[in-house]
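In the UniProt record's numbering, the protein residues as written are 1 to 262. We put the beta carbon where it would ideally sit given N, CA and C, even for glycine. Take a look at the structure set out below.
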Amino acid sequence: MNKAVTVMPDVQGSADTRHIAIDKVGIKDIKHPIRVKDRSGREQHTIANFNMYVSLPHNFKGTHMSRFVEILNEHEYEITVDSFKDMLVEMTKRLEARAGHIEMAFTYFVIKLAPVSSVRSLLDYEVTFIGEITDDKPVITVKVIVPVTSLCPCSKEISQYGAHNQRSHVTVTAKTNGFLWIEDLIDLVEKEASCQLYGLLKRPDEKYVTEYAYEHPKFVEDMVRDIATKLNKDPRVTAYVVESENFESIHNHSAYAMIHKA
């Protein structure tokens, strides 16, 4: 005995009479496993947090939210940096949208060697891939938050001994026209800081990083200018935002600077 097929109404696909288009509609904060290849050729298996949006024309009441989740789950564990752009294109086609936006944020680890003892340790960095597409033209942006040490030049100049230093977060958001390893951006930032950070240091290493930072004082303004100078010389980078936030050790506020090149 055949059961009657019930046709379910498509409320999202019904017409809307308010004539107001929506710039972004979709889902936020959905977690999914991904694989990321590092510069050494190894693959890191990690969990990414996704935000996925499309534009919605004025004449449609809503988008089909379930299709965003379907796209993620169809890829299962196969989401990679290489397939990120393909997923962006697929999303806009499946949802019949003119424009789309995906953010894929994850923790990325780099093996660091201590400067004197060479002891190995992992340091974590927050990375986000941002994909935007309009009229079938995708643009990928990479955002990396790099923790570093900054030492105040003014404090060093006016003090008979010592100088205050602090941990800083340098954020680089870069649009590229060629392949760029995550480590390339990390290296660029760390070389322009008063000193880079390490997951593990022995006493000889601690002495080294303390003295190295003292010999390389940087204002927050110096940090963003020096990094911007290096980004300007990299032909793979077409646009960027570089920010530095210094979590002051002698104040209850942060120092901040930003440079934007469109």
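- Straight-line spacing of the CA atoms in Asp86 and Cys154 works out to 49 Å.
- Annotated three-state conformation of Asn177 is coil, per DSSP.
- The residues Ile71, Gly100, in chain order, have a CB closer than 6 Å to that of Met91 in the same chain once the five nearest residues on each side in sequence are set aside.
- Nearest to Ile259 by alpha-carbon distance, out of Glu190, Ser14, Val172, Leu88, is Val172.
- Within its own chain, the residues whose Cβ lies closer than 7 Å to the Cβ of Arg120, once the five positions on either side in sequence are excluded, are Ile111, Leu113, listed in chain order.
- Residues of the same chain with a CB within less than 8 Å of the CB of Trp181, apart from the 5 flanking positions on each side, are Asp38, Arg39 in chain order.
- Of the other Cβ atoms in all chains shown, fewer than 16 fall within 10 Å of the Cβ of Gly162; this residue is therefore exposed.
- Note on the stretch 189-235: whole alpha helix (DSSP H) runs with a minimum of 4 residues are 203-215, 220-232, in chain order.
- In the structure shown, Asp187 falls within a helical segment according to DSSP collapsed to helix, strand and coil.
- Rounded to whole angstroms, the Cβ separation of Leu231 and Ser194 is 19 Å, and the two are not in contact under 8 Å.
- DSSP lists His101, Val139 as the bridge partner or partners of Glu132.
- Under the 10 Å beta carbon count, Leu201 is surrounded by 16 or more other beta carbons and is classified as buried.
- If you ignore the 5 residues before and after Phe109, its C-beta comes within less than 6 Å of the C-beta of Leu122, Asp124, all in its own chain and listed in chain order.
- Separation of Lys191 and Val209 (C-alpha to C-alpha, rounded to the nearest whole angstrom) is 13 Å.
- The Cβ neighbour count for Tyr77, taken over all protein chains shown within 10 Å, is under 16; the residue is labelled exposed.
- For Ile27, the closest C-alpha among the options Asp16, Arg67, Ala255, His19 is that of Arg67.
- Each residue's CA atom was taken as its position, placing Val241 and Met8 some 47 Å apart.
- Counting every other CB atom within 10 Å of its CB across the protein chains shown gives Ile133 a total of 16 or more, marking it as buried.
- For Asn73, the closest C-alpha among the options Val81, Ile34, Asp82, Pro57 is that of Ile34.
- The C-beta of Asn252 has fewer than 16 other C-beta atoms within 10 Å across all chains shown, which makes the residue exposed.
- With contacts defined as CB atoms closer than 9 Å, His58 and Asp16 qualify as a contacting pair.
- Within 10 angstroms of the beta-carbon of Phe50 lie 16 or more other beta-carbons, which makes it buried.
- Secondary structure note for Asn246: its beta strand (DSSP E) is the uninterrupted segment 237-247.
- Look at Asp38 here: in three-state DSSP terms it is coil, with no helix or strand label.
- Contact between Asn246 and Ala239 is ruled out by a C-beta separation of about 24 Å, above the 8 Å threshold.
- A residue is called buried once 16 or more other Cβ atoms fall within 10 Å of its Cβ, and Thr6, having fewer, is exposed.
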